[in-house]
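Asks: Residue numbering for the sequence shown follows our numbering, starting at 111 and increasing by one per position.
For glycine and all other residues, C-beta sits at the position ideal for the given N, C-alpha and C.
In this text the structure is predicted, and so the values were computed from the model without any measurement.
Below you will find the structure I want to go over with you.
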Amino acid sequence: MNPHSDTLTTSDGRHALRMERRLAHPPAKVWSAITDPAQLGQWFPSEVTVELRPGGAMTFAMPGVSDVAMTGTVTDAEEPWLFAFTWGEDHLRWEIAPDGDGSLLTLVHTFGDRFGGASFASGWHLCVTALSQLLDGESTAVEPDTGELHEAYLEQFDLGHGTVEDAADGPRIRFERQLVRPAETVWAVLASGDEPVAGAPAPAGFTTQKVPDGPVTEVRAPSVLAYRWDPDGEVRWELGSGTGQGARLVLTQTGPRGFDTDAALDAWHDRIEHLAARLLED
111 MNPHSDTLTT SDGRHALRME RRLAHPPAKV WSAITDPAQL GQWFPSEVTV ELRPGGAMTF
171 AMPGVSDVAM TGTVTDAEEP WLFAFTWGED HLRWEIAPDG DGSLLTLVHT FGDRFGGASF
231 ASGWHLCVTA LSQLLDGEST AVEPDTGELH EAYLEQFDLG HGTVEDAADG PRIRFERQLV
291 RPAETVWAVL ASGDEPVAGA PAPAGFTTQK VPDGPVTEVR APSVLAYRWD PDGEVRWELG
351 SGTGQGARLV LTQTGPRGFD TDAALDAWHD RIEHLAARLL ED
């Protein structure tokens, strides 16, 4: 199984993750493993009920969470070649093609949250690994990702770079990145024991040498830290819910027209990459 062949593309504001895996079993056996709820429950990320026909209803219940279930609808069911369905706002398409004495399984997962792409890819990689083991008659236990697989996909899909937006009062730099640890852990790494206080200088972990640090204007641990770096500019860190087990980081820097956005982009990119590497150590 080669994750390097996986792709993430964008069209009309939607994002499509495409993964291909060769399985050493005929299409009919693979079909059963991806449509039979009893087998799905051994490798799929949720428990599933399904009416196996186009328009059929589906439910997705997370193990151990009895009061939360999502719904979906079967969009395609062509035994043993194609099974596709909606899952909330996402769409999953599983295609099975004969490949010698085995099968080529292709998953296309279409979704709206581009920055969740690395989480989806690493999760599906582990799920399909478990599916392969199920088909082989082996245990479906798979070592969970400690973050390295997620970060490899994030780099592969080029999800770590920021953008410059032209706002009414000047440019705004923006980074959005899915992290591999919860907000409390990220905040502790950034603060490094120097908890931010309103009116005091921002702790070093929240700053970069290319952008002057200034007084903290807002702090709500472990979610928000903002500080002034210029009379007309602000740096703002926000840690919210994301995909997987980690927090979603949104970092913005606003400032007066004419400030060096290229230098700031490079500086914040380096800072966030250093943070991401540090989180892998925890």
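To the nearest angstrom, how far is the alpha carbon of Ile382 from that of Glu188?
Replies: Rounded to whole angstroms, the separation of the alpha carbons of Glu188 and Ile382 is 45 angstroms.
Asks: How big is the Cα-Cα spacing for Gly354 and Leu269?
Replies: 16 angstroms
Asks: Would you decide whether Met111 is buried or exposed? Buried here means 16 or more other CB atoms lie within 10 Å of its CB.
Replies: Residue placement at Met111 is flagged as unreliable, the pLDDT there being 46, under the threshold of 50; the coordinate-derived value follows with that caveat. Classification for Met111: exposed.
Asks: Rounded to the nearest angstrom, what separates Pro281 and Asp376 at their Cα positions?
Replies: 15 angstroms
Asks: Would the beta-carbon of Pro322 fall within 8 angstroms of that of Trp339?
Replies: yes
Asks: Would you please state the rounded distance, in angstroms, between the beta carbons of Glu157 and Pro173? I believe it to be under 8 angstroms.
Replies: 6 angstroms
Asks: At the level of alpha carbons, what is the spacing between Glu348 and Glu258?
Replies: Between Glu348 and Glu258, the C-alpha separation is close to 23 angstroms.
Asks: Give the secondary structure of Arg367 by DSSP, where H, G and I count as helix, E and B as strand, and everything else as coil.
Replies: In this structure, Arg367 counts as coil in the three-state DSSP scheme.
Asks: Can you tell me the Cα-Cα spacing of Glu130 and Pro137, whole angstroms?
Replies: Going from the Cα of Glu130 to the Cα of Pro137 covers about 14 angstroms.
Asks: Just the Cα atoms here: how many angstroms apart are Gly227 and Leu118?
Replies: 7 angstroms
Asks: Smallest Cα separation from Phe193: which of Thr145, Trp234, Gly303?
Replies: Thr145
Asks: Counting only the same chain and skipping the five closest in sequence on each side, list residues whose C-beta sits under 7 angstroms from that of Asp255.
Replies: Ser232, Leu236
Asks: DSSP has Ile206 in a bridge; who is on the other side?
Replies: DSSP, once it has assigned bridges, lists Leu215 as partnering Ile206.
Asks: I need the straight-line Cα distance from Gln149 to Gly356, nearest angstrom please.
Replies: Going by the C-alpha atoms only, they are around 28 angstroms apart.
Asks: Can you list, in chain order, the residues of its chain whose CB lies under 6 angstroms from that of Ala240, leaving out five sequence neighbours each side?
Replies: Correct list, in chain order: Trp153, Thr250, Val252.
Asks: Counting only the same chain and skipping the five closest in sequence on each side, list residues whose C-beta sits under 8 angstroms from that of Trp234.
Replies: Leu127, Met129, Leu217, His219
Asks: Taking the alpha carbon of Trp191 as the point to measure from, which residue in Leu214, Phe170, Thr371, Gly210 has its own alpha carbon closest?
Replies: When only C-alpha atoms are compared, the closest one is Leu214.
Asks: Return the CA-CA distance between Lys320 and Ala373, expressed in angstroms with no decimal places.
Replies: 7 angstroms
Asks: What's the C-alpha gap between Asp223 and His125?
Replies: 7 angstroms
Asks: Quick check on DSSP: helix, strand or coil for Met111?
Replies: Its pLDDT being 46, under 50, Met111 is placed unreliably in this model, and the value from its coordinates should be taken loosely. It is coil, neither helix nor strand.
Asks: Determine the extent of the alpha helix (DSSP H) in which Gly243 is found, giving its start and end residues.
Replies: According to the sequence displayed, residue 243 carries Gln and not Gly. Taken as a continuous stretch (DSSP letters only), the alpha helix (DSSP H) holding Gln243 covers 227-245.
Asks: Relative to the C-alpha of Val307, which candidate in Ala207, Glu286, Val329, Ser333 has its C-alpha closest?
Replies: Looking at the Cα atoms, Val329 is the closest of the given residues.
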